[in-house]
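Protein chains in written order, with numbering that gives the first Met the number 0: chain A, 0 to 378; chain B, 0 to 378.
Number of protein chains: 2
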Amino acid sequence: MKKEYLMAPGPTPVPPEVLLSMARPIFHHRTPQYQEIFKEVNVGLKYIFQTNNDVLTFASSGTGAMEASVVNFLSPQDKALVVRGGKFGERFGEICESYGIEVLPIDVQWGHPVDPELIKQSLIKNRGVKAVFTTLCETSTGVLNDIESIGKIVSTYDETILVVDAISGLGADDLKTDDWKIDVVVSGSQKGLMIPPGLAFLSVSPKAWEHVNKSRCPRFYFDLKLTKKAYDNNDTPWTPAISLVIALGESLKIIRKESLSNIFLRHRRLAEATRKAIGALGLELFTKSPSNAVTSVYMPQGIDGKNLIKLMRDKYGVTIAGGQGELKGKMFRIAHLGYMNEFDVIVAIAALEMAFKELGYKFSPCTGLAAAQEAFLKC
Amino acid sequence: MKKEYLMAPGPTPVPPEVLLSMARPIFHHRTPQYQEIFKEVNVGLKYIFQTNNDVLTFASSGTGAMEASVVNFLSPQDKALVVRGGKFGERFGEICESYGIEVLPIDVQWGHPVDPELIKQSLIKNRGVKAVFTTLCETSTGVLNDIESIGKIVSTYDETILVVDAISGLGADDLKTDDWKIDVVVSGSQKGLMIPPGLAFLSVSPKAWEHVNKSRCPRFYFDLKLTKKAYDNNDTPWTPAISLVIALGESLKIIRKESLSNIFLRHRRLAEATRKAIGALGLELFTKSPSNAVTSVYMPQGIDGKNLIKLMRDKYGVTIAGGQGELKGKMFRIAHLGYMNEFDVIVAIAALEMAFKELGYKFSPCTGLAAAQEAFLKC
Numbered sequence: 000m001k002k003e004y005l006m007a008p009g010p011t012p013v014p015p016e017v018l019l020s021m022a023r024p025i026f027h028h029r030t031p032q033y034q035e036i037f038k039e040v041n042v043g044l045k046y047i048f049q050t051n052n053d054v055l056t057f058a059s060s061g062t063g064a065m066e067a068s069v070v071n072f073l074s075p076q077d078k079a080l081v082v083r084g085g086k087f088g089e090r091f092g093e094i095c096e097s098y099g100i101e102v103l104p105i106d107v108q109w110g111h112p113v114d115p116e117l118i119k120q121s122l123i124k125n126r127g128v129k130a131v132f133t134t135l136c137e138t139s140t141g142v143l144n145d146i147e148s149i150g151k152i153v154s155t156y157d158e159t160i161l162v163v164d165a166i167s168g169l170g171a172d173d174l175k176t177d178d179w180k181i182d183v184v185v186s187g188s189q190k191g192l193m194i195p196p197g198l199a200f201l202s203v204s205p206k207a208w209e210h211v212n213k214s215r216c217p218r219f220y221f222d223l224k225l226t227k228k229a230y231d232n233n234d235t236p237w238t239p240a241i242s243l244v245i246a247l248g249e250s251l252k253i254i255r256k257e258s259l260s261n262i263f264l265r266h267r268r269l270a271e272a273t274r275k276a277i278g279a280l281g282l283e284l285f286t287k288s289p290s291n292a293v294t295s296v297y298m299p300q301g302i303d304g305k306n307l308i309k310l311m312r313d314k315y316g317v318t319i320a321g322g323q324g325e326l327k328g329k330m331f332r333i334a335h336l337g338y339m340n341e342f343d344v345i346v347a348i349a350a351l352e353m354a355f356k357e358l359g360y361k362f363s364p365c366t367g368l369a370a371a372q373e374a375f376l377k378c
Numbered sequence: 000m001k002k003e004y005l006m007a008p009g010p011t012p013v014p015p016e017v018l019l020s021m022a023r024p025i026f027h028h029r030t031p032q033y034q035e036i037f038k039e040v041n042v043g044l045k046y047i048f049q050t051n052n053d054v055l056t057f058a059s060s061g062t063g064a065m066e067a068s069v070v071n072f073l074s075p076q077d078k079a080l081v082v083r084g085g086k087f088g089e090r091f092g093e094i095c096e097s098y099g100i101e102v103l104p105i106d107v108q109w110g111h112p113v114d115p116e117l118i119k120q121s122l123i124k125n126r127g128v129k130a131v132f133t134t135l136c137e138t139s140t141g142v143l144n145d146i147e148s149i150g151k152i153v154s155t156y157d158e159t160i161l162v163v164d165a166i167s168g169l170g171a172d173d174l175k176t177d178d179w180k181i182d183v184v185v186s187g188s189q190k191g192l193m194i195p196p197g198l199a200f201l202s203v204s205p206k207a208w209e210h211v212n213k214s215r216c217p218r219f220y221f222d223l224k225l226t227k228k229a230y231d232n233n234d235t236p237w238t239p240a241i242s243l244v245i246a247l248g249e250s251l252k253i254i255r256k257e258s259l260s261n262i263f264l265r266h267r268r269l270a271e272a273t274r275k276a277i278g279a280l281g282l283e284l285f286t287k288s289p290s291n292a293v294t295s296v297y298m299p300q301g302i303d304g305k306n307l308i309k310l311m312r313d314k315y316g317v318t319i320a321g322g323q324g325e326l327k328g329k330m331f332r333i334a335h336l337g338y339m340n341e342f343d344v345i346v347a348i349a350a351l352e353m354a355f356k357e358l359g360y361k362f363s364p365c366t367g368l369a370a371a372q373e374a375f376l377k378c
């Protein structure tokens with residue numbers, strides 16, 4: 000009796016009631032029935048984004064909204080500060096370069112958060128920077144960046160907007176869009192929002208809307224002016240991904256019922272228990288600034304991460320993630336993100352111990368499980 | 000006991016077994032489990048596109064793939080011939096203009112197909128045209144274009160590719176991608192493919208791939224080189240819309256079981272019965288070159304189309320479509336597209352008669368139904 004447990008940092012498990020909502024007969028999007036769901040979803044998105052700004056939805060993966068966050072606010076030859084401390088920070092740089100935007104990189108060693116002071120110094124040194132791109136949780140490393148401090152710095156510049164990739168962090172790590180003065184927040188559906196992949200989101204501050212008017216990058220599908228114009232009529236410019244929006248409506252109900260503050264506490268609890276278990280097993284965390292969405296761990300000497308991932312998935316049905324890019328085989332990532340509770344962590348640690356045993360890693364059996372359980376009992 | 004009947008040209012009804020496939024627990028896309036579905040889906044797409052070319056899938060609405068069909072093959076200042084005989088032909092023009100491509104319009108009166116001779120003459124007159132954009136079924140008017148003849152013309156030009164929007168026509172009207180030498184076919188998920196909106200498709204001929212190498216339009220999310228590189232490893236560059244791809248796998252099974260030739264016969268039968276019913280009711284078809292996906296009809300004098308649409312939907316639960324753009328209120332469109340049979344047409348005509356009665360249009364009751372039924376009994 001093999002059961003499947005999805006513990007990767009996206010896609011994450013979808014609650015059964017949300018899955019079932021997608022099995023409802025499809026209906027047309029230009030109807031009062033759909034418009035009511037659309038309205039509710041837009042209110043719910045503002046709640047989880049902690050903002051009064053517009054939060055716009057695209058039928059695309061998260062990368063689509065990342066592209067939208069470049070092409071709508073910048074023009075070719077503009078300067079953009081890009082924090083590159085992992086695969087997704089690098090992706091912002093690649094998108095900017097595709098559109099002829101000058102990238103001023105802030106390269107951060109993978110596993111480390113960006114020092115906000117570096118951003119401050121770079122903005123002083125380089126005049127006329129139009130945007131700063133960074134990540135809340137850098138999914139590839141599990142690092143949490145100090146967005147609040149970065150917001151304080153960037154908001155003092157009238158001509159510079161702050162764009163944050165919160166694709167995996169939203170709903171796991173606190174992100175006060177308005178209080179922290181974040182102009183653009185990008186997210187995706189298959190993480191903390193607990194629905195399948197296929198929707199992406201973008202919040203846009205009034206300051207960012209001013210950039211839209213000046214931007215000369217070509218665009219069409221991801222054009223924010225076309226999108227906003229349709230939204231003002233409670234519509235979308237292109238056919239929306241109806242079944243995913245219906246699912247989002249259901250998941251936002253669950254989110255609002257639990258409340259954002261409880262959701263953050265739950266993610267912290269799951270993350271802390273996971274980290275305790277990892278420590279108890281004699282393993283080393285990949286970062287000292289961990290997100291509560293995902294725990295990244297160095298592979299112990301002599302054991303290939305790819306074998307671990309495969310064994311856990313194929314033998315035990317537990318899907319965790321390996322390292323990306325240069326880190327392939329050298330680390331693994333366990334997510335505790337979205338529709339998860341204590342027993343998901345227990346299952347992940349149990350499977351991890353069993354797989355490590357089989358791969359020849361030496362540790363006292365059950366020490367990881369005991370540490371996680373103890374952490375759960377304490378708080 | 001109100002039941003809902005979706006008879007608009009997209010989104011179209013989704014078979015229950017396909018809907019239920021989306022309620023299955025989500026799984027990760029970088030697993031053998033997903034890769035097997037992905038492979039099967041790619042084979043099935045080639046079957047319905049009638050091609051050996053690559054058929055690539057995007058997480059986006061159809062407009063996203065339309066944009067992909069512009070930005071990957073052309074460069075700013077290139078010349079493109081754009082057939083504009085409805086809203087979607089016009090959209091091709093808008094996308095080209097957004098990217099600085101010179102549009103040579105072939106404006107066709109809405110309701111009429113394009114005369115292939117016009118394309119021939121324009122290609123003779125204008126040297127160096129890089130692409131011809133047209134539609135199979137122009138959804139906004141219900142017009143079917145003669146793609147086979149257009150293919151014969153465009154394929155004689157080495158430097159010109161033919162791009163066809165088959166978003167609503169695919170699976171309803173015959174389209175022999177390879178035999179007719181169509182370089183790029185664009186489609187969407189929520190029409191003949193019988194799944195919800197959120198996926199878009201693009202087939203790419205070897206001749207079109209040569210254009211990709213020369214194209215200088217900026218792009219990222221819709222970049223075909225990045226997509227192709229991932230496909231070569233049985234992967235996608237960005238997270239796919241997993242649940243929609245699973246649904247597509249299910250619907251393609253249904254499609255292959257019925258067979259493409261039977262599907263075309265069924266659509267023709269439904270379309271012909273609908274047109275007979277419309278004629279019997281004394282109404283005028285909007286076009287003499289109708290697609291088998293959708294029947295467009297002039298509103299009779301003195302009756303506002305918007306009232307008809309609303310009454311049919313709100314009182315009878317039957318969703319048909321009105322006119323778009325300048326045709327708002329002046330016509331209506333009944334789709335017989337995708338998951339539909341004789342009794343869907345019967346329901347649509349019955350509801351249409353009842354609504355027209357109520358709105359004061361004069362006709363002999365049941366003449367539409369009788370004509371449809373007679374047509375069904377004949378073939």
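Note that the Cβ used here is the ideal one computed from N, Cα and C, for glycine as well.
In the same chain as K1(B), and ignoring 5 residues on each side of it, the C-beta atoms closer than 7 Å to its own belong to G316, in chain order.
Among the residues facing chain B, S363(A) is not included, as its CB has no counterpart in that chain under 8 Å away. Along the length of the segment 209 to 241 of chain A, whole alpha helix (DSSP H) runs at least 4 residues long occupy 223 to 230, reported in chain order.
Contact annotation for Q189(A) against chain B: T238 [CB-CB distance below 7 Å, chain order]. Neighbours of P14(A) across chain B, judged by C-beta separation under 7 Å, do not exist; the nearest C-beta is about 10 Å away.
The bridge partners DSSP lists for Y4(A) are V317(A). Straight through space, the alpha carbons of R126(A) and E158(A) are spaced by roughly 10 Å. Residue pairing by DSSP puts K78(A) in a beta bridge opposite E101(A) and V128(A).
In the DSSP assignment, V296(B) falls within the unbroken beta strand (DSSP E) covering V293 to Y297. With the rule of 3 Cβ pairs closer than 8 Å, the segment 188 to 208 of chain A counts as touching the segment 57 to 69 of chain A. Cβ-Cβ distances below 8 Å link K305(A) to G321, K327 and G328 in the same chain, with the five nearest sequence neighbours on each side left out; the list follows chain order.
Annotation: Y220(B) to E66(A) spans about 7 Å, alpha carbon to alpha carbon.
Not a single C-beta of chain A is nearer than 8 Å to the C-beta of E357(B). Taking all protein chains shown into account, T11(A) has 16 or more neighbouring C-beta atoms within 10 Å of its C-beta and is therefore buried. The CB of R218(A) comes closer than 8 Å to the CB of S97 in chain B, given here in chain order.
By the neighbour-count definition (other C-beta atoms within 10 Å, threshold 16), F342(B) is an exposed residue. Proximity of S242(B) to chain A, defined by a Cβ-Cβ separation below 8 Å, is satisfied. Using a C-beta cut-off of 8 Å, the segment 18 to 28 of chain A makes no contact with the segment 348 to 359 of chain A, since fewer than three inter-stretch Cβ pairs fall below that distance. Taking a beta-carbon distance threshold of 8 Å, T30(B) counts as an interface residue toward chain A.
Per the C-alpha coordinates, the member of K129(A), A292(A), G84(A) and V344(A) positioned closest to G191(A) is A292(A). The beta carbon of G110(B) sits closer than 7 Å to those of T140, V142, F285 and T286, all from its chain and outside the five residues before and after it, given in chain order.
Contact of M21(A) with chain B is assigned, a C-beta pair being separated by under 8 Å. The beta carbon of P104(B) sits closer than 6 Å to the beta carbons of V81 and R83 from its chain, once the five residues preceding and following it are set aside; these are given in chain order. Identification of chain A residues near P104(B) by a Cβ-Cβ cut-off of 7 Å yields none; the smallest Cβ-Cβ distance measures about 17 Å. S260(B) is the residue among A7(B), S260(B), D77(B) and T294(B) whose C-alpha sits nearest the C-alpha of I47(B). In the structure shown, R90(A) adopts helical secondary structure according to DSSP, grouped into three states.
For A246(B), the closest of P8(A), E89(A) and L18(A) by C-alpha to C-alpha distance is L18(A). Secondary structure of F285(A) (DSSP, three-state): coil.
In the structure shown, E158(A) adopts coil according to DSSP, grouped into three states. The beta carbon of I100(B) lies closer than 6 Å to those of L73, D77 and A79 in the same chain, with the five residues before and after it left out. Contact between V163(B) and I152(B) is ruled out by a C-beta separation of about 13 Å, above the 8 Å threshold.
The beta carbon of M21(A) is closer than 7 Å to those of S242, I245 and A246 in its chain, skipping five residues each way along the sequence. At a Cβ-Cβ threshold of 8 Å, S148(B) and P112(B) do not count as neighbours. 8 Å or more divides the Cβ of Y230(A) from the Cβ of P14(A). Taking 8 Å as the upper bound on Cβ-Cβ separation, chain A lies near no residue of the segment 281 to 296 of chain B. A distance below 7 Å between beta-carbons, with the five flanking residues on each side excluded, links R267(B) to the following residues of its chain, in chain order: N291.
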